[in-house]
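Worksheet: one structure, shown below.
Residue numbers (the numbering used here), protein chains in the order written: chain R, 1 to 85; chain U, 86 to 170; chain A, 171 to 287; chain S, 288 to 404; chain Z, 405 to 534; chain H, 535 to 664.
Structure below.
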């Protein structure tokens, strides 16, 4: 499993072809706005960033809100991390 | 006439609804890459930036290549300048 | 005296740009007639319920409530950009006038100077 | 020893990021097995005929010719991103392997660390 | 005609700083004037006196200094942007008890009112953004 | 597990610098280690000692200093990025005949090899980009 992070909406265009079926995606910073649109894969989003932007309750399902310790756990479970920005 | 400047490809999305029929557009910096695609309005592009990116001969017609003194002239002819970035 | 249109096009919090844009608008409105137009991801600055307590940064969205007090003439946003983000003006912290292309072009035409942030 | 994949995703010249990415790749190839993948506007770094003389900045595109000499293992780009920009590999300064989605995913899988610039 | 120029980007990180300089030179060469250049956001990094660029890269910060002093053009760096980014003159360094100042010759730190004043009073205002 | 962290953005201009700090704290809190934090591109602006942020904004540069010194974590600012952006230690200030240095306590200026070394030797490398 590879963990992809996306920190802005435009980051999705960079990695959309690179996310394999069993990969995971974490949205952070302005990347959490991607949760406003339907996405082809299941995602997590950093709760602090979702709250800061007033997006609690506005995101499409299924977006799982996580904190930084969950993010660290995902990194340890992944083989490697790809950061898209 | 209003002069619009665009300095990156993503800048077009910001101003596409704001360019009136008699307005003019100058592409500069990474905005000159917009000349690779068909555009709904006639444009000028800063020659230095086109050359730096290897786009001489690769741009779609009609893109007029201008230098900074032409850019200044366009500013004086325009009622105001809107910069999109 | 020149009138000024401030255009806000950046999302909040990801960088200081949105906040520094608002600072400029508040300063401008002390000197001359100013309006503001939110376009692109700039419309996201206006979303209700922003809470930066846990993030530890400044929640400058609270300052939008002061725009009327500062005498800002018109507070408008791009209707196409609002719709493209699945938002409605009821999602906004303050009363904002959504404009179509012709309305935005007229707004630009009716101000002497335009500053984008 | 970890192998490294460098991903270049920024256009050249508009900021120093592309150039600083190349610096990192050249440094990396002195220490371990490195490959490079150009995605998004990063493919624009490779276009022939870049001339920065009049602009007065460094034409770092000339350094791409040295990638083979530095022992960079694979030099690849995103085929979808190439096509989306109306480019062909014959527009490139050096021999580059265009990859489809499966090819890019395999490239990532086969390297231990991935650095994006 | 009289121009106000606004710069949002710092050297190297953004081409804005270099484009604005080329534009400013063309304004003067065309017989027009510049009432002020205002550096905002990351643009204030242009005013850092400690920049030591490689030989083969345009020394854009020093070129701005020479342009400003040589043509007596006001180069204003926004004070709020400067404090957040660590660009200080002696006054501010003293006020915040910092070890030294790093504002380059030719640049002046001042308030956001200078942006508004320049914009209102110029015939044209042009922004070089990031 | 051992992490390398790469930071591309400077304070305020980008949230990257703040996100990376929160991530770094979570790494240690989870019982993992950090072999090095490498500041590249505009990330080196984090190492500027002259930053004087407003009271109501997170002093992210100082928080990094405290994090680095408090936990004995190496905070490396890339020398090439630093020279271009005007972040100097005493050695570099002397070499380039500049009036002073502005590297913050806890940060060290070093070469790009430190990024490669950290990436190769860490179990995981995470980049906070702009």
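Glycine residues also receive a C-beta, built at the ideal position from the N, C-alpha and C atoms. For clarity, every value in this text was computed on a predicted model and none was experimentally measured.
- Look at the beta carbons and you see the region 90-103 of chain U not touching the region 63-83 of chain R: under three pairs across the two are nearer than 8 Å.
- Legend: CB atoms of the region 221-237 of chain A lying less than 9 Å from CB atoms of chain H belong to residues 225, 226, 227 and 228.
- Along the length of the region 323-379 of chain S, whole alpha helix (DSSP H) runs at least 4 residues long occupy 366-371, reported in chain order.
- The beta carbon of residue 213 (chain A) sits closer than 6 Å to those of 247, 251 and 252, all from its chain and outside the five residues before and after it, given in chain order.
- Taking the Cα positions, residue 431 (chain Z) is about 14 Å away from residue 422 (chain Z).
- Contact between residue 359 (chain S) and residue 322 (chain S) holds: CB atoms are separated by about 6 Å, below the 8 Å threshold.
- Around the CB of residue 501 (chain Z), fewer than 16 other CB atoms lie within 10 Å, so the residue is classed as exposed.
- For residue 258 (chain A), no CB of chain R lies under 7 Å from its own CB, so it is not counted at the interface with that chain.
- At a cut-off of 7 Å between beta carbons, residue 315 (chain S) contacts chain H.
- Looking at the backbone, the Cα of residue 137 (chain U) and that of residue 420 (chain Z) are separated by about 15 Å.
- The Cβ atoms of residue 216 (chain A) and residue 285 (chain A) do not sit closer than 7 Å to each other.
- Among the residues facing chain H, residue 417 (chain Z) is included, as its CB has a counterpart in that chain under 7 Å away.
- Nearest neighbour of residue 130 (chain U) by Cα position, chosen from U:102, U:100, U:122 and U:110, turns out to be U:110.
- Distance from the CA of residue 608 (chain H) to the CA of residue 601 (chain H), rounded to the nearest whole angstrom, comes to 10 Å.
- Counting only Cβ-Cβ distances below 8 Å, residue 214 (chain A) has contacts in chain R at 33 and 53, in chain order.
- Here residue 524 (chain Z) is not bridged, per DSSP, to any residue.
- Closest in C-alpha terms to residue 624 (chain H), from the list H:636, H:610, H:604 and H:597, comes H:636.
- Among the residues of the region 470-501 of chain Z, those with a Cβ less than 9 Å away from any Cβ of chain A are 482, 484, 485 and 488, in the order of the chain.
- Within the same chain, Cβ atoms closer than 8 Å to the Cβ of residue 1 (chain R) are found at 22, 23, 24, 77, 78 and 79, the five residues on either side in sequence being excluded.
- Within chain U, no residue has its CB atom less than 9 Å from the CB of residue 268 (chain A), the nearest being about 12 Å off.
- Judged by DSSP secondary structure, residue 610 (chain H) falls within the beta strand (DSSP E) whose first and last residues are 609-612.
- Assignment of beta-bridge partners to residue 278 (chain A) by DSSP yields no partner.
- When Cβ-Cβ separations below 7 Å define contact, residue 308 (chain S) makes no contact with chain Z.
- In the DSSP assignment, residue 77 (chain R) falls within the unbroken alpha helix (DSSP H) covering 68-77.
- With a contact defined as Cβ atoms closer than 8 Å, residue 18 (chain R) and residue 395 (chain S) qualify at about 6 Å.
- Setting aside the 5 residues that flank it on each side, residue 599 (chain H) is surrounded in the same chain by 638, 639 and 640, each with a C-beta closer than 6 Å to its C-beta; the list follows chain order.
- Closest option to residue 503 (chain Z), judged by alpha-carbon separation, among H:582, H:546 and H:555: H:582.
- Shortest Cα-Cα distance from residue 237 (chain A) to any of A:273, A:271 and A:265 involves A:265.
- At a C-beta separation below 7 Å, residue 99 (chain U) has these neighbours in chain A: 179, 209 and 210.
- Listed in chain order, the alpha helix (DSSP H) elements of length 4 or more contained wholly in the region 572-657 of chain H are 594-605, 613-619, 624-629 and 647-655.
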